[in-house]
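J.:
2 protein chains.
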Amino acid sequence: MPKRTVIFYPIERKILVEEGENLLQAAMEAGIHINASCGGSATCGKCKVKLLKGMADSPKHPKLTQWEYDEGYRLACLTSIHSDIEVEIPIESQVDKSVLALKGDRTAHKYLLAPQDIYQLVPGWEVDPAVFKRFVQLEPPTLKDNVSDLTRMVNTLAHQHGIEGVSTDFRVIMKLSRILRESDWKVTATLVLTKKGSKLINVEPGDNTKQNYSIVLDIGTTTIFGQLLDLNGCVVVACPGGQCDGTTLFALAEASDYNAQISYGEDVITRIVYSQRPGGLKKLQEVVVSTINKIIEELLAMSKIDRSLISHLVIAGNTTMTQIFLGLDPKYIREDPYVPTATFIPPVRAVHLGMNIDDHVHVFTFPMVASYVGGDIVAGILGSGVFQRETLTLYMDIGTNGEIVLGNKDWLASVSCSAGPAFEGAGIKFGVRATRGAIEEVSINHRTFEPMILTIGRTKPIGICGSGLIDTVAELLDTGIIDQNGKFRMDLPTDRVRRGPDGYEYVLARKEETQINKDIVLTEIDVENLIRTKAAIYAGCKVLLASVGLDFKDIEQMIIAGGFGRHLDLEKAIFIGLLPEIDIEKFIFVGNGSLLGARLLSFSKNFLKETERIALMMTNLELSNHPTFMNEFVAAMFLPHTDSSAFPQVMGRLYLARREYPSPRMVEGQL
Amino acid sequence: MPKRTVIFYPIERKILVEEGENLLQAAMEAGIHINASCGGSATCGKCKVKLLKGMADSPKHPKLTQWEYDEGYRLACLTSIHSDIEVEIPIESQVDKSVLALKGDRTAHKYLLAPQDIYQLVPGWEVDPAVFKRFVQLEPPTLKDNVSDLTRMVNTLAHQHGIEGVSTDFRVIMKLSRILRESDWKVTATLVLTKKGSKLINVEPGDNTKQNYSIVLDIGTTTIFGQLLDLNGCVVVACPGGQCDGTTLFALAEASDYNAQISYGEDVITRIVYSQRPGGLKKLQEVVVSTINKIIEELLAMSKIDRSLISHLVIAGNTTMTQIFLGLDPKYIREDPYVPTATFIPPVRAVHLGMNIDDHVHVFTFPMVASYVGGDIVAGILGSGVFQRETLTLYMDIGTNGEIVLGNKDWLASVSCSAGPAFEGAGIKFGVRATRGAIEEVSINHRTFEPMILTIGRTKPIGICGSGLIDTVAELLDTGIIDQNGKFRMDLPTDRVRRGPDGYEYVLARKEETQINKDIVLTEIDVENLIRTKAAIYAGCKVLLASVGLDFKDIEQMIIAGGFGRHLDLEKAIFIGLLPEIDIEKFIFVGNGSLLGARLLSFSKNFLKETERIALMMTNLELSNHPTFMNEFVAAMFLPHTDSSAFPQVMGRLYLARREYPSPRMVEGQL
């Protein structure tokens, strides 16, 4: 088979491929990222590339305009390579990782708790990790006392530290005799507390008890966040002079990266579909571990902690991400009746999963509740303290999916809404992830209808991200450009509103102002998609509340979690009916709630039982086939909602706006 | 480096070696067996080979006579190869495995219990294995009941079989979802009962509960024995019509082989020495596993059981064999104060040790007591029922070492005597293992002093094995050829007694009657070595008894275990003072006691606790540095013993014999 070369621009990478090979596939294998939200199925149209040189077999496709096709744009997933070629990956088909680091620089949202406040959510605990180290000084053996080295170790742990009935990992036994003698019978034992007692998982020479660290990870569908923690609870950077006051339990280092699985599909469903291809599951497992290993390297480099000192790993993720990470086939998560393989996972040795970490370290996986309510939500309920308060709380985590939990310390109920990844750019014509150049804040002038936009990184825009989308729709509604059905009004004195190839649209940025050399618009179809998404979430909340005989007015606290929460404009989200119109003081944004929970669990063994209790206590309500969900969903397909009594303030504001610019189409519709 | 070829006869194998390579080493690497009891240290002189062709660098050595050297005999351990050579491995330097199979053919010893009687030793138990299978019929999931597959499995096990709080091996989770669906929710669960509850270790499609097997192994220094058991307790061959009456718990198949480690030294000490070479431990671990894998293949082939149906492995071995098998450095077993790495070993996955068995199967290792009192002895105490009887019992296992246990159901004390492997041929000029051609029974005519010898396999003799050695010495003593010091009398009318190169000797077989073309003799030095061995064992018993204020007369039962026991002539063993002169009805020969115990443990979970209790209860007495052991040892260096009051019947018989043939040397000695 002859070989062909492909050169990718702007990254200037050259790869060697087989004649006839698929371009998207070849890029994936080479680790070159091209957006592809449909998993290469030629439906999303995101994997556009521009052929600069050479021949390729690549048909036309509805997602490509004639102009684009003539300019050389092709869908990579439809392209097979038949000569040496050169292609450009346009900016909108790339992912820009640097935005993740930017997030921290932005001014904290006014409802977002500062790190030091977050521990107010879960008061009354002490650092007492489940994986702990003890310094052990053994009496050397004599002819009168020559019990085995292991028996001596176990007896001394009981005698010196009161730890009785320790069991032992076989790998410790392999090196025990040598280390005891090399270190003159003075060693550091690493133990893990399990439901069945303490287990000895490592011995190190000398006194290493001051050096005990863990890594906690939130494995998201889009992004993976990691933190490195000092399990002795002392953070030198936070506590000048190296003295720990016991409350400053920040991470020693934080790192994050896009989940490398995004090359194989943007949401859990496309990932599950990909996993069913031959070798698909293995591939997905490998790439998520490769991202995690990169994060671990970064955390170790930032904190200057030696790899061998990491004793514990805690991961939280949604059920699909967790199963794929563990190599468990996610097939049945997607098929009615949506059954996960396991919700309680025993500790797994990290090296077995391919993680680059010492072989005594086990991965503790947050227990899950159901196929679409995962360990990330259980971790969020732990980390936000819902599990220990009387307060009736609605906890909402909106990421690639939307999961909602209702309850307090005595009971918990959950639903998962297939909200769809509209907030992450999918299904939106110029939708992008919250990446550099994404429009994240929008306001529209009430008289001129001209927009003011802010992008992440303050560069020329490349598209609209989730918070920009909410802002835009809220502003379009507020200014009367769209009506409550999301339909455009065409009689306004502005060329920003026009008829485009996909129907009516609003021009947020003109071609020459963008990085992508195209007008960035929000279409009526985009608005419809957003409405569907927000309706699903709102209806999910409603059904969940109704299932226990409650309503929004009963909610005492509303916690918004998820990377999304950091960018969300609360008032605008209420204005379009994504969030209910309740007292704004009841909202708390906690950021990454899963990571908060993972951190707590790693710091204190007392949370092990609580975590299990949360997972067991949480009752999941399946929305598919639910008798009232569809009605609630349809009722919410309106801005803000067909039940105007639920949004009195929004309605009042809309009433005032409508007096100024009455909508002919709306009037027509009402006749 | 130029390559040289070596051809070995009579096996006709050709190997390629580096110029200058050591011949013994090269043979070992190629898996060609040459006896070597000193681990290649040029002290035992067992690795004689005959150079037929080519040049080799190989010095003379005291173990080679001038005649042998002139004939081309060399010590392989001293030989380096400098040309293409051809060598013959003489029969006495080979091991003949076929004898192991022969043993079963021989008439049972009169004190040896028949297999069906052995269960009388441990009455009152039922088949209820710790590794068990249960058929589980799960309700398929619905939208109303879509808990995870694992939760469904765990709940159904509780509901259908009353097994609560099951934990799960991660490998089961990996395949659970697929198998549940492929088998229409009807599966067989394999569980193991541990101290911490039941653990699910396998699921198979359909009802496989009738197919649950285990393999038990006794890993001896010289020989490894294995049995394949039906854990449902039913043996088709033993129970016509396939009906099991619950008592016929024989093995479905039995197999054995020499421990391939014997190429690296004949006793535990030389093995430990070898393990300290670079790569030595790894090599020893690999070769013992290779022997075990061969035995497993044989067991599976004989029983026609599929490998996947083996659920459990139980091994018993002395501490050194166990540690090497597990890959644990045995170094400190040999160094004062003789500390093993661990006496209680957690279950280890068999595949991790290199065993060719399904990956859900764990190895249960019998707990050990001390460096020289291993799991084989704990298994023997279990298998012989000592642990549950009031009867004061002395349990003696004489193999390559001699271990002795005293006690009953309430207490146990043990000693280990470095008896030396005299009974296995080491230290005896024509000593061989109990292999084909080994002289195993001897009687000597009182008038002619001519011997009658029987060999294993009834072929021409190649040497003397343990039971032949005891017989010969007893007969030499009985006929007055040797005196009570083991010294030869030279005035008898026979040329069988003569002065040889190593001093006085008795000719058991003349050159032309043997396979080795040499006179087979027993020398005065051999007799001395045997006396040392039997003295160590007798003194060990004496010290052990004295340590609890008892004497031989207090013993109510004496159990002799070990492959050795099957060949031993009890009266002759008492005659030379190896065994005490007690009521002959108190003796029981149990054969391989360790294998009995291993079988019990695999059949019934109730023995798990008993086994642990035995190991914890047993107090080991170290004989090195013991204040009275040396005195007892010296006192026993006489035939039968310096304390003639302990052997009244033997002394009476000797008195009668001496009247007939008074010994001038003995009389001299007494003057």
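One line per chain: the protein sequences are A and B, in this order. So that you can map any letter, position 606 of the first sequence is 611 in this note's numbering, and since no number is skipped, the others follow by simple counting. So that you can map any letter, position 302 of the second sequence is 307 in this note's numbering, and since no number is skipped, the others follow by simple counting. Note that CB positions come from ideal geometry on N, CA and C, so glycine has one too. Since the model is a prediction, treat every value here as computed from it, not as a measurement.
So, helix, strand or coil for G436 of chain B, using DSSP?
T.: strand
J.: Measuring alpha carbon to alpha carbon, tell me which residue in B:I224, B:A32, B:A135 and B:L399 is nearest P585 of chain B.
T.: B:L399
J.: Distance, Cα to Cα, E617 of chain A vs P372 of chain A?
T.: 7 Å
J.: Could you pull out every unbroken alpha helix (DSSP H) segment of at least 4 residues lying fully inside the segment 375-440 of chain B, listed in chain order?
T.: Here the runs fully enclosed are 380-388.
J.: Give the DSSP-derived three-state secondary structure of M326 of chain A in the structure shown.
T.: helix
J.: Under 7 Å between beta-carbons, which chain B residues line up against P351 of chain A? List them in chain order, please.
T.: S172, T173 and F175
J.: If I measure Cβ to Cβ from F392 of chain A and keep anything under 7 Å in the same chain, skipping five residues before and after, which residues do I get?
T.: I386, K414, E615 and I619
J.: Since P342 of chain A meets chain B, which of its residues come closer than 7 Å, beta carbon to beta carbon?
T.: P146, T147, L148 and N151
J.: Contact between the segment 15-35 of chain B and the segment 75-86 of chain B: three or more CB pairs below 8 Å?
T.: Short answer: they touch.
J.: Less than 8 Å between the CB atoms is what I'm expecting for I274 of chain B and R339 of chain B, so what's the real figure, rounded?
T.: 6 Å
J.: Taking the continuous alpha helix (DSSP H) assigned at G471 of chain A, which residues delimit it?
T.: G471 to D483
J.: What does the alpha-carbon distance come out to for the pair S469 of chain B and S650 of chain B?
T.: For the sequence presented, residue 469 of chain B should be read as Ile rather than Ser. Distance between the alpha carbons of I469 of chain B and S650 of chain B: 31 Å.
J.: Is there a Cβ from chain A that is less than 8 Å from the Cβ of D364 of chain B?
T.: Among the CB atoms of chain A, none fall inside 8 Å of the CB of D364 of chain B.
J.: What's the gap between the Cα of Q562 of chain A and the Cα of G598 of chain A?
T.: Per the coordinates, the alpha-carbon of Q562 of chain A lies some 15 Å from the alpha-carbon of G598 of chain A.
J.: Whose Cβ in chain A lies nearer than 8 Å to the Cβ of P345 of chain B?
T.: S153 and D154
J.: With a threshold of 6 Å on Cβ separation, who are the neighbours of K108 of chain A within its own chain once the five nearest residues in sequence on each side are excluded?
T.: Here the model assigns K108 of chain A a pLDDT of 37, short of 50, so the residue's position is not dependable, and the following value carries that caveat. Shown here for K108 of chain A: not one same chain residue has a beta carbon closer than 6 Å to its own, the five before and five after excluded.
J.: What are the boundary residues of the beta strand (DSSP E) that includes A620 of chain A?
T.: Per DSSP, A620 of chain A belongs to no beta strand (DSSP E); it is in the alpha helix (DSSP H), N611 to M622.
J.: Taking C-alpha atoms, which residue in A:M360, A:S376 and A:N298 lies nearest to K336 of chain A?
T.: A:S376
J.: Can you give me, in chain order, the residues of the segment 176-187 of chain B that have a beta carbon less than 7 Å from any beta carbon in chain A?
T.: Answer set for the segment 176-187 of chain B: I178, M179, L181, S182 and R183.
J.: Is it buried or exposed, K51 of chain A, if we count other Cβ atoms within 10 angstroms and call 16 or more buried?
T.: buried
J.: With R157 of chain A as the anchor, note down where its alpha helix (DSSP H) starts and where it stops.
T.: D154 to H166
J.: Would you list, in chain order, the members of the segment 621-632 of chain B that have their beta-carbon closer than 9 Å to a beta-carbon of chain A?
T.: N625, E627, S629 and N630
J.: Is it right to say E23 of chain B is buried, meaning 16 or more other beta carbons lie within 10 angstroms of its own, or is it exposed?
T.: Classification for E23 of chain B: exposed.
J.: If you scan the segment 51-101 of chain B from start to end, which runs of the beta strand (DSSP E) of 3 or more residues do you find wholly inside it?
T.: 53-58, 78-80 and 90-93
J.: Would you check if the segment 259-276 of chain B and the segment 354-365 of chain B touch, i.e. whether three or more CB-CB distances between them fall below 8 Å?
T.: no
J.: Using beta carbons (cut-off 8 Å, strictly below), is T370 of chain A in contact with chain B?
T.: no
J.: Helix, strand or coil: which one does DSSP assign to E131 of chain B?
T.: coil
J.: Give me the chain A residues within the contact set of K201 of chain B, using Cβ-Cβ distance strictly less than 7 Å, ordered along the chain.
T.: K201
J.: Contact check, I382 of chain A vs L222 of chain A under 8 Å by CB: the rounded distance?
T.: Not confirmed; about 16 Å, so no contact.
J.: Between Y14 of chain B and the rest of its own chain, which residues show a CB-CB distance below 8 Å, the 5 nearest in sequence each way excluded?
T.: Sequence-distant Cβ neighbours of Y14 of chain B in its own chain, meaning closer than 8 Å and more than five residues away, are L57, E91, V92, E93 and I94.
J.: Whose Cβ in chain B lies nearer than 7 Å to the Cβ of Y509 of chain A?
T.: Residues of chain B passing the Cβ test: none, with the nearest at roughly 39 Å.
J.: For chain B, is any of its Cβ atoms less than 8 Å away from the one on G332 of chain A?
T.: yes
J.: So, for A35 of chain A: in the same chain, excluding its five sequence neighbours on each side, which residues have a beta-carbon less than 8 Å away from its beta-carbon?
T.: R18 and I20
J.: By alpha-carbon positions, which one of B:G567, B:G432, B:N217 and B:L397 ends up nearest to L555 of chain B?
T.: B:L397
J.: At least one CB of chain B closer than 8 Å to the CB of T499 of chain A: is that the case?
T.: Chain B, which has no Cβ nearer than 8 Å to the Cβ of T499 of chain A, makes this no.
J.: Could you tell me whether any Cβ in chain A is nearer than 8 Å to the Cβ of A35 of chain B?
T.: Judged by the 8 Å Cβ criterion, A35 of chain B is not in contact with chain A.
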